[in-house]
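Chemist: The numbering of the sequence shown is the working numbering, which starts it at 2 and goes up by one.
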Amino acid sequence: MTKQMKIDRGAGIAIWRQIAEWLKAEISSGTFVTGSKLPTEADIAARFDVNRHTVRRAIAVLVNEGILRADQGRGTFVAAAPMNYPIGSRTRFSEIVSGQHKTPSGRMIGSALEEADALLAAELKLPLGVQLIRLETLRVVDGTPVLVATSWFEQARFPGLVAAYAETGSFTKALKQCGLDDYRRLETRVSAELIDPQDAAFLQIPEGQPILIVESTNVDDAGQPTQYTRTRMAADRIQLVIES
Numbered sequence: 002m003t004k005q006m007k008i009d010r011g012a013g014i015a016i017w018r019q020i021a022e023w024l025k026a027e028i029s030s031g032t033f034v035t036g037s038k039l040p041t042e043a044d045i046a047a048r049f050d051v052n053r054h055t056v057r058r059a060i061a062v063l064v065n066e067g068i069l070r071a072d073q074g075r076g077t078f079v080a081a082a083p084m085n086y087p088i089g090s091r092t093r094f095s096e097i098v099s100g101q102h103k104t105p106s107g108r109m110i111g112s113a114l115e116e117a118d119a120l121l122a123a124e125l126k127l128p129l130g131v132q133l134i135r136l137e138t139l140r141v142v143d144g145t146p147v148l149v150a151t152s153w154f155e156q157a158r159f160p161g162l163v164a165a166y167a168e169t170g171s172f173t174k175a176l177k178q179c180g181l182d183d184y185r186r187l188e189t190r191v192s193a194e195l196i197d198p199q200d201a202a203f204l205q206i207p208e209g210q211p212i213l214i215v216e217s218t219n220v221d222d223a224g225q226p227t228q229y230t231r232t233r234m235a236a237d238r239i240q241l242v243i244e245s
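#1: Which same chain residues end up closer than 7 Å to residue 155 when comparing Cβ atoms and leaving out the 5 residues on each side of it in sequence?
#2: Could you give the DSSP three-state label for residue 52: helix, strand or coil?
#3: Does the beta-carbon of residue 242 have 16 or more other beta-carbons within 10 angstroms, so that it is buried, or is it exposed?
#4: Within 10 Å of its beta-carbon, does residue 196 have 16 or more other beta-carbons around it, so buried, or fewer, so exposed?
#5: Whose C-alpha, out of 141, 148, 144 and 181, is nearest the C-alpha of residue 158?
#6: Among residues of its own chain, excluding the 5 on either side of residue 83, which ones have a beta-carbon nearer than 7 Å to its beta-carbon?
#7: Under DSSP, the beta strand (DSSP E) around residue 108 begins and ends at which residues?
#8: Quick one: Cα of residue 212 to Cα of residue 15, how far?
#9: What three-state label does DSSP hand residue 217 in the structure shown?
#10: Among 89, 85 and 76, which has the Cα closest to the Cα of residue 99?
#11: If you follow the beta strand (DSSP E) that residue 78 is part of, which residue opens it and which one closes it?
#12: My guess is that residue 192 and residue 214 are in contact by the Cβ rule of under 8 Å, so how many angstroms apart are they, rounded?
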């Protein structure tokens with residue numbers, strides 16, 4: 002922390018606001034660059050002789066403005082600009098990320114078999130009670146988690162999907178191993194809700210923060226649904242671009 006700004010306690014400006022403005026000035030000057038970790042709340046509090054609650058409020062405001070990013074258990078970082086995520090007839094995570102000169106990665110965080118309820122049966126155009134594969138995945142960009150997704154597939158059609166995804170880390174490659182050469186996006190629905198504790202832990206963001214919900218259905222060349230997915234995206238890390 003190189004700047005020698007002092008808190009003016011008689012200026013009529015809230016102390017937390019002065020700290021927030023100092024942080025923005027440090028970021029603008031390049032003292033804290035995109036992706037860098039800020040000093041701890043305790044260090045900043047000691048620097049300005051204030052309590053940690055005051056610092057926490059300043060940081061919270063900048064997180065809400067998208068200037069900072071708070072990762073649970075890791076600290077607070079200078080946020081990068083949200084990554085553009087085009088939604089079109091061909092939406093492929095790895096291709097989208099690689100096309101922006103970033104590194105995609107991720108992993109399977111859970112899988113199970115379950116019977117299709119009314120919602121899943123309707124989305125996949127299957128009878129009630131059909132056995133489905135449920136896959137839980139975490140996707141990462143340049144080391145930062147950006148989305149958690151739950152996807153459902155007909156188990157009889159893709160019996161080796163779990164093993165194929167565990168091996169490849171890609172739905173496109175895994176489905177190809179299971180005999181589906183290509184697919185396209187039929188429908189995408191976007192909404193928002195507050196993140197739940199489990200997803201917050203995976204995405205390393207505070208509980209109760211708003212996130213984007215993207216529900217999508219993919220189909221094969223014959224128009225038969227192959228995959229229904231409910232994705233939870235960190236709203237400050239991804240910007241959806243709807244292609245027309």
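Where is the CB? At the ideal position from N, CA and C, for every residue including glycine.
Modeler: Answer, in terms of the structure:
#1: 125, 127, 131 and 133
#2: coil
#3: exposed
#4: buried
#5: 181
#6: 237, 238, 239 and 240
#7: 105-116
#8: 30 Å
#9: strand
#10: 85
#11: 76-79
#12: 5 Å
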